[in-house]
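In our numbering, the protein residues as written are 1 to 437.
Glycine included, C-beta positions come from ideal geometry on N, C-alpha and C.
Predicted model only: the values in this text are computed from it and were never measured.
Scroll down for the structure; my scribbles are underneath it.
Right under this line is the structure:
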């Protein structure tokens, strides 16, 4: 059995893991966008960008964040894609709203196969069991992979301080000991990061009840946060989503949305109403639509930089207002590639004199969560991906995993034989698995 990290040993997002059995069955885990400006690698034998014969028997997508699924539409039509059904729908709807229509996954164009959490499926002789895991994304999966007598756990993105965090220990105990652990290490290089429990954020939200107008910037896929905001303010403030957020929450059961919750409304800005597709079509199937914010009432409303013109036109109506920034703060740092979000926040706070409350918690595993993971599955070998290999990150990786850490580079291959054969070895390979577009 061979494991190759094609991309991801020294970057966050855009990670690609390849696993090959002794019989030659080859699978890929995740194929998403890079978070920087670099385009994802085009992998020969995987994508429609070449005429080569397919090299892969299947691709498994862990969740619907674009750095894990964003390039899946490039996969050759004959290669099956395994993913969560709701995750596919969330991804496709985000593609509509970001006008990235070429990234939409269509069943008629792709061999889409939907897995069920806790139920084993097979790609040839490779057995895969997806387990639901806590993350700032709906229905994220970690994968237990069994091949050639070797048990591999690929965590995807995870944490244990969200609403589903209580499942973490129970799930790991069900999985039991593994031979190889492939884990994300997104936060290992971050000093002094505080990992608040998702439900504890409600205490911070309650500190803002004296504001009449509350504007919130929050990812439309962070379902835990949306539910938390709704529950925190529903008794005191009118709850208003934006059209994209409402479309996504409407897909899911018992999640606040204006189609099924009578106390939830959807604001559609004039800019969105001017565009023929997809906003007009979606708006026509959305209930409780409002075309103006109710400035005379107490409300909490989801806003985006696309609403900037509307906010400017109504700036005299904005009073006793606060902005809740409930996202990764990297998006508003000076070094982030797109300045629009940072400039929008600056305008709201500096020009409109809104109060500012950064209320957020990471969607990724803390050091303690990674230590608990290691303790529960007790791997023989560990590969850390989805991590920038800073000096601090490497130090913590070695502190946790010690001699079991395989500090590999992109394109290196780990050959691992079952414990019955009692041997494993590392080989260096030239990275012929892909080339930049």
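Beta-carbon spacing of residue i, residue j below 9 Å
i           : j           : result
residue 139 : residue 64  : yes
residue 348 : residue 323 : yes
residue 111 : residue 89  : no
residue 175 : residue 27  : no
residue 141 : residue 152 : no
residue 506 : residue 12  : No information on residue 506 is available, as it lies outside the stretch 1 to 437 that the chain covers here.
residue 384 : residue 98  : no
residue 86  : residue 60  : no
residue 356 : residue 319 : no
residue 267 : residue 249 : no
residue 101 : residue 134 : no
residue 166 : residue 354 : no
residue 35  : residue 220 : no
residue 262 : residue 227 : no
residue 147 : residue 21  : yes
Same chain, Cβ closer than 7 Å to residue i, neighbours up to 5 away in sequence not counted
i           : result
residue 428 : For residue 428, the predicted structure reports a pLDDT of 42, less than 50, and the residue's modelled location is therefore unreliable. A value from the coordinates is still provided. Taken in chain order, the residues that qualify are 412.
residue 287 : 258 and 259
residue 91  : 64, 69 and 105
residue 361 : 161, 195, 196, 198 and 201
residue 344 : 305 and 308
residue 52  : 44 and 45
residue 406 : 381, 382, 383, 414 and 426
Simplified DSSP state of residue i, which is helix, strand or coil
i           : result
residue 218 : strand
residue 348 : helix
residue 202 : helix
residue 308 : helix
residue 393 : helix
residue 405 : strand
residue 19  : strand
residue 96  : helix
residue 74  : helix
residue 112 : strand
residue 207 : coil
residue 132 : strand
residue 388 : coil
residue 13  : coil
residue 250 : helix
residue 82  : strand
residue 1   : coil
residue 117 : coil
residue 194 : coil
residue 233 : helix
residue 255 : coil
residue 42  : strand
residue 8   : coil
residue 187 : coil
Cβ-based neighbour list, residue i, same chain, cut-off 8 Å, excluding 5 preceding and 5 following
i           : result
residue 122 : 128
residue 424 : No answer about residue 424 holds up, because its pLDDT of 46 lies below 50 and its placement is not dependable.
residue 270 : 291, 309 and 310
residue 172 : 372, 373, 376 and 377
residue 23  : 124 and 125
residue 431 : The predicted position of residue 431 is uncertain, since its pLDDT is 35 and thus under 50; a value taken from the coordinates is nonetheless stated next. Contacts found: 6, 410 and 411.
residue 265 : 238, 239, 240, 241, 258, 288, 289 and 290
residue 33  : 13, 14, 40, 66, 67, 70 and 71
residue 180 : 3, 150, 151, 152, 153, 379, 380, 381, 382, 383, 414 and 416
Per DSSP, the bridge partner or partners of residue i
i           : result
residue 242 : 267
residue 58  : 27
residue 357 : 324
residue 443 : Nothing can be reported for residue 443, as the shown portion of the chain is limited to 1 through 437.
residue 302 : 216
residue 107 : In the DSSP output, where bridge partners are listed per residue, residue 107 has none listed.
residue 381 : 180
residue 127 : 122 and 146
residue 290 : 267
residue 47  : 75
Spatial neighbours of residue i in its chain, beta-carbon cut-off 6 Å, leaving aside the 5 residues before and after
i           : result
residue 197 : 161
residue 18  : 4, 6 and 28
residue 49  : 42
residue 358 : 325
residue 130 : 115, 117, 141 and 143
residue 331 : 341
residue 149 : 418
residue 76  : 48 and 54
residue 247 : 93 and 282
residue 435 : Reliability fails at residue 435, whose pLDDT of 37 lies under 50, so the model's placement of it is uncertain and the value that follows must be treated cautiously. Same-chain partners within the cutoff: there are none.
Contact test: residue i Cβ vs the ligand NAD heavy atom, cutoff 8 Å
i           : result
residue 309 : Within the structure as shown, the ligand NAD is missing, as the structure has no ligands at all.
C-beta neighbour in chain B for residue i, strict 9 Å
i           : result
residue 241 : Checking the listed chains, one finds no chain B in this structure; it contains a single protein chain.
Inter-stretch contact (C-beta, 8 Å, three-pair minimum) for the region 60-75 and the region 100-108:
Between the region 60-75 and the region 100-108 there are three or more inter-stretch CB-CB distances shorter than 8 Å, so the stretches are counted as touching.
Should the region 372-384 be called in touch with the region 201-221, which here means at least 3 C-beta pairs below 8 Å?
By the Cβ rule, the region 372-384 does not count as touching the region 201-221, because fewer than three pairs are nearer than 8 Å.
For the region 385-395 and the region 185-196, state whether three or more C-beta atom pairs, one from each stretch, are separated by less than 8 Å.
The answer is yes - the region 185-196 touches the region 385-395, with three or more Cβ pairs under 8 Å.
Quick check: the region 296-304 against the region 231-242, are there 3 or more CB pairs under 8 Å?
Contact between the region 296-304 and the region 231-242 is present, because at least three Cβ pairs lie under 8 Å.
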